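Note sheet for the following structure.
There are 2 protein chains.
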Amino acid sequence: MDWRLMEDSFDAARITHLGNTFLTGNGYMGVRGALEEYGKEQLAAVNLSGIYDRVGAGWREPLNAPNGLITYVSVNDKEYRLPGTEPLSHTQELDFRHGIHTRRTSWRTEWGRLTATCQRFASMDEPHLICMRYRVETDFAGDIAIHTGIDGDVWDIHGPHYTDIILDSDDDRLTALASTGEGKQVAVCAGFAMAFESESHTSTSGKSIMRQEHIHARPGDIYTFHKYIAVYTSQDEGDPLENAAACARDAAFAGYAGAKAAHCVRWEGLWDLSEIDIEGDDEAMGALNYSLYHLHCIAPRPFDSRSIAARGLSGQTYKGAVFWDTEMFMLDFFLHTEPGVARTILQYRIGTLPGARDKAKEYGYEGAFYAWESQEGGYDACSEYNITDVFTGRPMRTYFKEKQVHISAAVSYGLMRYADITGDLSLLVEGGAEVIWECARFYLSLLLKRFNGQSWEIRDVIGPDEYHEGVDNNAYTNRMAKYTLDAAIQAIALLKDTDAQTYEALDRKYGLYDSVRSFQEASESLYIPVPGVNGVIEQFDGYLSLEDASVEDLRARLLDPREYWGGAYGVASQTQVIKQADVVSLLWLFRDEYTREILKRNWEYYEPRTEHGSSLSACMYALLACHIGEPERAYPFFMRTATADLVEGGKEWAGLVYIGGTHPAAAGGAWMTAIEGFAGLSAEDGQIKINPHLPEHWDRLSFKIRFRGDIYMIDVSKDEYRIDKMGE
Amino acid sequence: MDWRLMEDSFDAARITHLGNTFLTGNGYMGVRGALEEYGKEQLAAVNLSGIYDRVGAGWREPLNAPNGLITYVSVNDKEYRLPGTEPLSHTQELDFRHGIHTRRTSWRTEWGRLTATCQRFASMDEPHLICMRYRVETDFAGDIAIHTGIDGDVWDIHGPHYTDIILDSDDDRLTALASTGEGKQVAVCAGFAMAFESESHTSTSGKSIMRQEHIHARPGDIYTFHKYIAVYTSQDEGDPLENAAACARDAAFAGYAGAKAAHCVRWEGLWDLSEIDIEGDDEAMGALNYSLYHLHCIAPRPFDSRSIAARGLSGQTYKGAVFWDTEMFMLDFFLHTEPGVARTILQYRIGTLPGARDKAKEYGYEGAFYAWESQEGGYDACSEYNITDVFTGRPMRTYFKEKQVHISAAVSYGLMRYADITGDLSLLVEGGAEVIWECARFYLSLLLKRFNGQSWEIRDVIGPDEYHEGVDNNAYTNRMAKYTLDAAIQAIALLKDTDAQTYEALDRKYGLYDSVRSFQEASESLYIPVPGVNGVIEQFDGYLSLEDASVEDLRARLLDPREYWGGAYGVASQTQVIKQADVVSLLWLFRDEYTREILKRNWEYYEPRTEHGSSLSACMYALLACHIGEPERAYPFFMRTATADLVEGGKEWAGLVYIGGTHPAAAGGAWMTAIEGFAGLSAEDGQIKINPHLPEHWDRLSFKIRFRGDIYMIDVSKDEYRIDKMGE
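Below, the structure is given as structure tokens:
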């Protein structure tokens with residue numbers, strides 16, 4: 021397959037989209053696929069993982085580092101840069117096997133042709149480093165200048181975050197030390213290696229420092245320089261500026277070719293275990309591996325305890341916060357290919373237990389109520405006003421933060437799944453069991469019983485389908501609460517067998533025996549909606565009595581294309597149209613508890629009523645379709661999921677709020693659909709199982725996975741499949 | 021005092037307002053204070069009690085009878101009628117001691133001056149009858165014509181209701197028999213008695229039938245005729261058209277003077293017991309008695325089982341439906357002055373128990389959930405979409421119908437109060453006790469307990485303050501639910517003592533012993549919010565954490581003066597600003613359970629945060645202010661209540677929905693404030709008590725009341741008060 025993504029012309033309207041599509045990254049930072057001459061207007065950004073800041077009453081969001089990429093050329097003082105100056109030719113290319121971004125652009129100047137070429141990568145070998153090779157050539161003799169530096173006037177959604185920026189320079193480097201109102205610091209050092217004679221001049225202007233290299237260019241000569249951009253923050257150990265300077269210096273010393281080689285070796289190592297081969301469908305194979313590329317770019321590999329934001333490292337959208345997406349949609353990929361990353365992701369939840377406890381307390385509950393939009397320390401960045409009304413311009417009160425209670429179950433699910441897939445119980449011992457315990461206590465405190473009632477109910481929640489707010493007995497939520505209660509009992513039993521000391525400490529803290537009895541009672545009497553006469557499970561109390569309008573009906577009712585479909589008065593709110601898989605997610609997760617007929621009935625009932633207004637939706641429909649043996653039905657949903665970051669026209673607005681960026685949950689969902697759907701991988705009693713349902717036109721699907729410390733090569737073809745254990 | 025309301029000029033902008041202010045009525049029908057020449061454009065209407073109809077998907081609303089008042093004059097074929105032709109002089113007068121409406125208008129014609137005078141009344145002696153005396157005079161000789169008839173093209177909010185109308189005439193009468201889509205019929209017969217020679221001509225056009233009387237007028241002569249307009253509907257016994265014809269004929273036979281005398285005698289009889297005398301404040305006395313006038317006009321005296329609509333008989337606003345207003349704000353006046361009317365009102369609730377049971381079942385509850393907007397049979401006319409969004413023109417989903425659960429408590433309260441004030445237990449025996457029992461069962465089925473909770477809660481309701489939807493543990497609602505549970509136990513005990521047979525029948529039906537135990541347990545453990553550290557009772561869970569904005573702040577935030585303040589995104593929704601008395605209503609009702617200090621603290625906390633956007637609000641503040649001994653604070657709220665139908669500028673819109681009309685709950689609230697507030701009347705252990713707090717400038721307040729079969733004359737002055745028993 022072709023591991024290159026190519027653009028061979030320039031279209032200013034696609035700048036934002038390409039910023040996401042051509043993203044490179046290494047888990048520490050994401051470098052938007054912006055061209056080197058871009059500024060904040062073109063959403064150029066080096067987005068940082070897990071460092072947040074708030075300005076005034078704005079949303080708290082992650083920082084974009086001062087942009088060390090900024091570079092452009094001028095001829096006789098006339099600047100040549102996109103999108104301002106129309107090019108003669110332009111190509112932009114991403115090698116997504118190695119995370120290398122290349123552009124080549126020619127302009128016709130009044131003196132002749134000017135060509136700039138740049139290759140760059142965010143080093144997978146050194147997560148603080150971006151390496152760049154920039155080349156200029158002309159077919160005329162003339163005075164050209166290369167302008168390159170650090171642009172501290174960065175793109176911010178709720179900024180500006182940098183209240184102070186200290187700029188400095190010496191012969192072969194520029195530095196910027198930017199400070200925020202919260203006192204966070206980001207240091208950027210750009211080191212240079214020039215392979216030509218030039219006259220240098222450095223200047224600062226506002227928040228930017230720029231170096232001009234003046235060259236008497238000769239026709240046909242190529243003027244190359246390398247730039248080593250190192251980024252450190254005050255959240256990293258040590259002095260950020262010193263560390264950045266040392267990193268840039270070391271890189272310059274090693275040289276571009278060496279850095280690139282080390283970077284590529286790392287990438288090859290990742291693909292060795294994660295590459296998926298599909299015979300008979302190059303398009304699907306390309307899209308799927310491209311999805312995995314994105315997951316690799318944002319995996320929090322450099323950290324011990326860090327998770328992945330809902331829009332990865334593609335910018336400040338969704339506040340750079342961690343949602344349930346990570347555990348429910350991305351985790352499986354890492355569990356089966358790079359368990360260390362899965363551990364880091366779950367360690368983040370263990371580390372943010374205090375925040376989850378605080379949130380539970382704030383809302384009058386017990387235990388752990390995890391943040392809907394989690395930032396550092398478990399701080400819930402979710403605003404009470406997430407959407408702007410397009411008609412009034414007013415913020416709309418939303419309840420994602422306080423009513424999407426299924427988040428704590430997602431965390432518990434992830435922890436249990438880690439133990440199950442990796443066979444490693446250490447995470448449960450080192451805090452994981454307590455997290456699940458606290459989540460179970462949270463659900464216990466949510467339960468309500470009527471005066472003459474027999475069962476416990478969960479009321480006034482938002483399920484995965486966010487268009488219906490404050491519903492009672494959401495089937496998904498109730499079942500996941502029951503799951504959590506059961507998981508707590510199970511986790512504590514595992515803990516007792518594994519580490520008596522930790523068990524006893526928890527017992528002293530919680531009185532495990534009595535609690536287990538409560539959990540059991542609650543789990544047994546928790547109301548779980550069952551299929552009705554037509555086999556359909558009602559999404560929540562009263563759902564089936566709502567108007568049975570179609571998605572198209574609703575679209576026709578819109579007065580403004582950007583208006584929000586949910587909330588109190590959205591076009592979907594009083595209808596059966598849902599944003600995303602809800603009952604179908606429940607059925608996928610608990611597929612063994614229902615007959616094929618019930619699974620199929622519900623798939624067929626809910627799919628036409630689903631807007632798929634979230635990138636989390638299609639993969640659930642794809643997965644369940646595979647499970648009921650209908651891969652052809654699954655296929656379009658799989659492709660939709662796998663191409664979420666390739667195709668344009670995705671949902672970029674909720675009300676007046678920009679929600680664009682990359683879609684790592686869809687990428688994870690694509691992996692799940694291929695492996696757990698089409699190949700039908702599952703684990704039972706410590707053994708992996710395969711139950712393939714390949715699309716008709718796929719001849720073969722092969723991949724590797726890790727399971728309980730071993731690596732397996734799995735090869736599925738039309739008539740047979742093989743599972744080969746390859747050792748650790 | 022002056023019992024006349026006067027207008028001495030004509031202002032077209034005030035037509036709608038005067039239609040309410042100059043209303044006459046007799047409980048069977050309300051005749052809007054429209055001029056005789058008005059049509060539906062000027063909201064002329066003869067609004068009928070308790071007969072409803074629905075057109076298509078529109079709101080179900082009461083019928084306006086074909087308008088038998090329609091009358092105007094022409095000179096040489098040129099019509100003189102308001103508001104079309106500017107008058108020379110115009111007076112409109114209401115004698116609100118006797119419910120007699122008079123107008124006198126002169127026009128300058130090109131031939132000279134033309135004057136039309138009309139006096140009319142809706143007979144308090146014969147509820148199907150409106151009598152009218154019309155006079156024309158000129159100061160010139162000329163051909164004039166009097167046009168008079170029945171206009172079937174009536175004002176409808178969600179009409180047209182009449183799909184068919186049969187018009188007929190003979191020498192001295194016109195008839196109209198109008199039929200609706202639901203098959204309801206309204207018959208109108210207009211009988212005439214002419215005191216002059218004329219040439220008659222009758223014609224029909226569309227839904228109207230008109231008679232023209234052509235006169236060769238001589239200067240200074242007065243041409244008088246009487247019109248007897250009889251109205252019967254298919255809900256009355258017998259053939260409506262025959263009955264109407266007979267009624268009009270009998271009235272014509274008896275003559276106008278006789279009918280007027282009989283009418284006035286009835287009114288004097290009403291005032292004999294209800295007139296209130298205030299020395300030192302003619303304005304207050306006038307407004308108060310004018311309020312009582314409105315209550316008299318709409319009292320369902322002609323019926324055995326009928327209640328009062330929220331906008332009385334002033335039109336189709338609020339669908340002519342019965343709200344909690346009747347029991348909580350109007351009932352006390354009738355209990356103390358005309359208990360038969362109170363009985364009729366409560367009989368309506370007993371009769372609509374089946375509807376309340378159906379509604380409870382519909383929402384998954386037990387017992388009786390009374391209609392929020394009750395029409396015949398207890399049908400809940402409350403729409404799920406009560407308000408139109410001013411920004412989008414879309415209907416907004418509202419939850420008054422399903423969440424304002426305090427309605428059943430209001431019904432129970434009314435029934436218990438009837439027994440307490442009248443001493444008559446027959447209503448409890450004849451269905452009242454069962455109603456209360458069913459209301460208690462309803463509240464029982466609402467109760468929820470947390471897994472580790474000790475008390476029962478009521479969640480997801482709307483309290484009296486409708487701006488905050490779906491709140492938990494509204495203090496008013498919870499306390500009223502407890503009241504109902506206690507009342508059920510008490511009512512059943514009274515029943516056992518009074519009528520063993522009925523008691524046993526109920527016992528067989530419900531198993532009273534076990535239920536009483538449940539009611540007791542629930543009542544004891546029902547969570548009632550208590551005063552916090554600052555003495556303030558939180559209106560509902562979380563209320564005190566909402567933004568503490570002022571009413572003025574919110575007004576400044578409005579983008580459209582008509583926009584709805586409540587619902588999900590209204591300006592008040594996320595603030596502490598409330599629509600109307602909520603906690604203060606609770607405190608007034610249960611004033612004996614709190615210290616004066618607590619009552620005062622809450623009054624002072626909530627009053628500045630109350631928009632008083634409902635006519636039910638001010639009187640509660642007035643009553644509680646009296647009770648804490650601050651009549652000067654009460655006075656402006658009292659005056660606001662007593663003048664609700666006199667002053668212009670009241671709230672006439674909720675979103676895009678017209679909500680204007682008369683305000684009988686405010687009228688009832690004015691009575692309560694005078695008698696139970698300023699005079700401090702209460703009953704304890706079967707005895708009446710007086711605890712006066714007169715405003716400084718009131719020298720004396722005297723009135724009569726009925727209590728347990730006796731009539732008392734009560735006379736309160738600055739330093740003393742007297743209670744004189746006057747016999748039955």
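Line by line, the protein sequences are chains A and B. Residue numbering for the first sequence follows this note's numbering, starting at 21 and increasing by one per position. Residue numbering for the second sequence follows this note's numbering, starting at 21 and increasing by one per position. We treat Cβ as the ideally placed atom computed from N, Cα and C, and that holds for glycine. Small disclaimer: the values here were computed from a predicted structure and weren't measured.
Rounded distance between the beta-carbons of residue j and residue i, thought under 8 Å
{"i": "alanine 210 (chain A)", "j": "alanine 272 (chain A)", "result": "Actually they are not in contact, since the Cβ atoms of alanine 210 (chain A) and alanine 272 (chain A) sit about 10 Å apart, beyond 8 Å."}
{"i": "threonine 253 (chain A)", "j": "valine 206 (chain A)", "result": "5 Å"}
{"i": "threonine 661 (chain B)", "j": "glycine 689 (chain B)", "result": "5 Å"}
{"i": "alanine 250 (chain B)", "j": "leucine 149 (chain B)", "result": "6 Å"}
{"i": "glycine 483 (chain A)", "j": "glutamine 596 (chain A)", "result": "Incorrect: roughly 14 Å between the Cβ atoms, too far for contact."}
{"i": "valine 431 (chain A)", "j": "valine 455 (chain A)", "result": "6 Å"}
{"i": "alanine 142 (chain B)", "j": "glycine 119 (chain B)", "result": "7 Å"}
{"i": "cysteine 138 (chain A)", "j": "threonine 158 (chain A)", "result": "About 16 Å separates the two Cβ atoms, so there is no contact after all."}
Close Cβ partners of residue i (< 8 Å) along its chain, the five nearest in sequence each way excluded
{"i": "isoleucine 731 (chain B)", "result": "Leu293, Lys724, Ile725, Lys745, Met746, Gly747, Glu748"}
Closer than 8 Å to chain B by CB, residue i
{"i": "glycine 490 (chain A)", "result": "yes"}
{"i": "phenylalanine 1 (chain A)", "result": "This structure gives no information on residue 1 (chain A), because the portion of chain A shown stretches from 21 to 748."}
Cβ shell of residue i (< 7 Å), same chain only, five flanking positions each side left out
{"i": "tryptophan 2 (chain A)", "result": "Only positions 21 to 748 of chain A appear in this structure, which leaves residue 2 (chain A) out of reach."}
{"i": "arginine 653 (chain B)", "result": "Ala645"}
{"i": "leucine 351 (chain B)", "result": "Ala362, Ile365, Gly434, Arg437"}
Beta-carbon contacts of residue i that lie in its chain and below 6 Å, excluding the five residues immediately before and after
{"i": "alanine 54 (chain B)", "result": "Gly39, Gln62, Ala64"}
{"i": "methionine 500 (chain B)", "result": "His426, Ala429"}
{"i": "tryptophan 131 (chain B)", "result": "Phe160, Gly162"}
{"i": "histidine 221 (chain A)", "result": "Gln232"}
{"i": "serine 686 (chain B)", "result": "The question names serine, but residue 686 (chain B) is alanine in the sequence shown. Ser635, Thr661, Ala664, listed in sequence order."}
Minimum Cβ-Cβ distance from residue i to chain A less than 8 Å
{"i": "glutamine 62 (chain B)", "result": "no"}
{"i": "aspartate 573 (chain B)", "result": "no"}
{"i": "leucine 261 (chain B)", "result": "no"}
{"i": "alanine 694 (chain B)", "result": "no"}
{"i": "lysine 469 (chain B)", "result": "yes"}
{"i": "asparagine 472 (chain B)", "result": "yes"}
{"i": "tryptophan 718 (chain B)", "result": "no"}
{"i": "aspartate 480 (chain B)", "result": "yes"}
{"i": "tryptophan 457 (chain B)", "result": "no"}
Paired residues, beta bridge with residue i - DSSP
{"i": "lysine 709 (chain B)", "result": "B:Ser702"}
{"i": "valine 93 (chain B)", "result": "B:Tyr100, B:Ile166"}
{"i": "aspartate 744 (chain B)", "result": "B:Met733"}
{"i": "aspartate 188 (chain B)", "result": "B:Thr195"}
{"i": "proline 82 (chain B)", "result": "B:Tyr72"}
{"i": "glycine 590 (chain B)", "result": "Bridge partners of glycine 590 (chain B): none, in fact."}
{"i": "proline 415 (chain B)", "result": "B:Thr408"}
Listed in chain order, which residues of the stretch 583-601 of chain A have Cβ atoms closer than 8 Å to some Cβ of chain B?
Those residues of the stretch 583-601 of chain A that come within reach of chain B (Cβ to Cβ, closer than 8 Å) are Gly587, Ala588, Tyr589, Ser593, Gln594.
Any residues in the stretch 541-561 of chain A with a beta carbon nearer than 7 Å to a beta carbon of chain B? Which ones, in chain order?
Residues Ala542.
Relative to chain B, which residues along the stretch 168-187 of chain A have a C-beta separation below 8 Å, given in chain order?
Along the stretch 168-187 of chain A, there is no position whose C-beta sits under 8 Å from a C-beta of chain B.
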